[in-house]
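Structure first, then comments.
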Amino acid sequence: MRIVVTSDGTDLDAPASPVFGRCAAYVFIETDTMVFEAVENPALAAPSGAGIQAAQLVVERGARAVVTGNVGPNAFAVFQSAGVPIYLFGGGTVREAVEAFKADRLESVADANVQAGRGMGGGMGMGRGMGRGMGRGMGRGMGMGWGATAPPTPAASPSVSAPVASREENVAALKNMVGDLQKQLAEAMARLDRLQKEEE
């Protein structure tokens, strides 16, 4: 099955992106072979309509399912009309997202889980204080993100309540997020150390 994972990079070990319309790239994966193709997001810098443009690209390239952290109403409408289901992934690599999808551990989304235009924050992702000092809003899609946003509008579907379903799930999601951040920090520090040694 061909699926797509929103990504901050162009390979299976890149961090999965918590946003759909404004992610850096879309990684298309054949789940049975793990053969993948990465496509840079042509709508990343679009002044508006990024979600619709990105969703159309994903549908045109044959994805049968979407794995992401958040999806707005415009992109959701494109996927709904194309019969492409959307699954929420809380954080990790593209490879981990595919493994979670294959193991049927991801929640499908019955409606958009962010408002239109929320992906535009002046270059800072979703903005509105959701990042809690973690850079580019790393809390999105991890339980913490939904708790920090404005209350859902009446049009929002109650079926997207799992991220705040229980304290235990939120604690587990936050622990996973901390682990991911610690891993990213360790990798960044190692890369910085290598670069500084090269300069000497």
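Position 7, counted from 1, in the sequence shown is what the numbering used here calls 10; the numbers after and before it change by one each time, with no gaps. We put the CB at the ideal spot given by N, CA and C, even for glycine.
Inset, instruction - Determine the DSSP secondary structure at GLU203, reduced to helix, strand or coil. - result: What you label residue 203 is simply residue 200 of the sequence shown in a count that begins at 1. Of the three classes helix, strand and coil, the one that applies to GLU203 here is coil, per DSSP.
Inset, instruction - Consult DSSP for ARG25 and reduce its assignment to one of helix, strand or coil. - result: Residue numbering aside, residue 25 sits at position 22 when the sequence shown is read from its first letter. In the structure shown, ARG25 sits in coil (DSSP, three-state: anything other than H, G, I, E or B).
Inset, instruction - For LEU15, I'd like the list of residues in its chain whose CB is within less than 8 Å of its CB, leaving aside the five on either flank, ordered along the chain. - result: To locate residue 15, count along the sequence shown from 1; it is residue 12. Closer than 8 Å at the Cβ level, and outside the excluded window around LEU15, lie VAL30, ILE32, MET37, PHE39, THR96, VAL97, ARG98 and VAL101.
Inset, instruction - With a floor of 3 residues, list each beta strand (DSSP E) that falls wholly inside the stretch 68 to 95, ordered by position along the chain. - result: 68 to 71 and 89 to 91
Legend entry - Straight-line gap, ALA80 to ALA193 (C-alpha atoms, nearest Å): Counting from one through the sequence shown, the residue named residue 80 turns up at place 77. Counting from one through the sequence shown, the residue named residue 193 turns up at place 190. Roughly 43 Å separates the two Cα atoms.
Legend entry - Exposure of SER111, with buried meaning 16 or more beta-carbon neighbours within 10 Å: Counting from one through the sequence shown, the residue named residue 111 turns up at place 108. When all chains shown are included, SER111 counts as exposed.
Inset, instruction - Going by DSSP, name the residue or residues bridged to PHE104. - result: Position 101 of the sequence shown holds residue 104. Answer by DSSP bridge pairing: none, since PHE104 is not bridged.
Inset, instruction - Rounded to whole angstroms, what's the CA-CA distance from GLN56 to GLY86? Just pull it up for me. - result: Your numbering for residue 56 matches position 53 in the sequence shown. Your numbering for residue 86 matches position 83 in the sequence shown. Cα-Cα distance, rounded: 17 Å.
Inset, instruction - Give me the Cβ distance between ALA19 and GLU43, rounded to the nearest whole Å; I'm assuming they're in contact under 8 Å. - result: What you label residue 19 is simply residue 16 of the sequence shown in a count that begins at 1. What you label residue 43 is simply residue 40 of the sequence shown in a count that begins at 1. About 16 Å separates the two Cβ atoms, so there is no contact after all.
Legend entry - Residue environment, LEU91, which counts as buried when at least 16 other CB atoms sit within 10 Å: Taking the sequence shown and counting its residues from 1, the one referred to as residue 91 is at position 88. Classification of LEU91: buried, given that the 10 Å Cβ count is 16 or more.
Legend entry - Sequence-distant residues of its chain with Cβ nearer than 6 Å to PRO88 (five each side left out): Locating residue 88 in the sequence shown gives position 85, where the first residue counts as 1. Excluding positions up to five away in sequence, the list reads ALA68 and SER111.
Inset, instruction - Look at the alpha carbon of ASP196 and the alpha carbon of ALA41, and state the distance between them as a whole number of angstroms. - result: Numbered from its first residue, the sequence shown carries residue 196 at position 193. Numbered from its first residue, the sequence shown carries residue 41 at position 38. Whole-angstrom Cα-Cα distance: 29 Å.
Legend entry - Per-residue DSSP class, three states only, for ALA19: On the sequence shown, residue 19 is found 16 positions in, with the first residue counted as 1. If DSSP states are grouped into helix, strand and coil, ALA19 belongs with the strands.
Inset, instruction - To the nearest angstrom, report how far apart GLY72 and LEU198 are at their CA atoms. - result: Numbered from 1 along the sequence shown, position 69 holds the residue referred to as residue 72. Numbered from 1 along the sequence shown, position 195 holds the residue referred to as residue 198. Distance between the alpha carbons of GLY72 and LEU198: 32 Å.
Inset, instruction - Step through the CB atoms of chain C and report whether any lies within less than 8 Å of the CB of LEU198. - result: No chain C appears in the structure shown, which is made up of a single protein chain.
Legend entry - THR34 versus GLN185 - alpha carbon distance: Taking the first residue of the sequence shown as position 1, residue 34 is located at position 31. Taking the first residue of the sequence shown as position 1, residue 185 is located at position 182. Cα to Cα, the separation comes out at about 28 Å.
Legend entry - Residues that ARG5 bridges to, as DSSP identifies them: Within the sequence shown, residue 5 is the residue found at index 2, counting from 1. DSSP output for ARG5 lists GLU33 as bridge partner(s).
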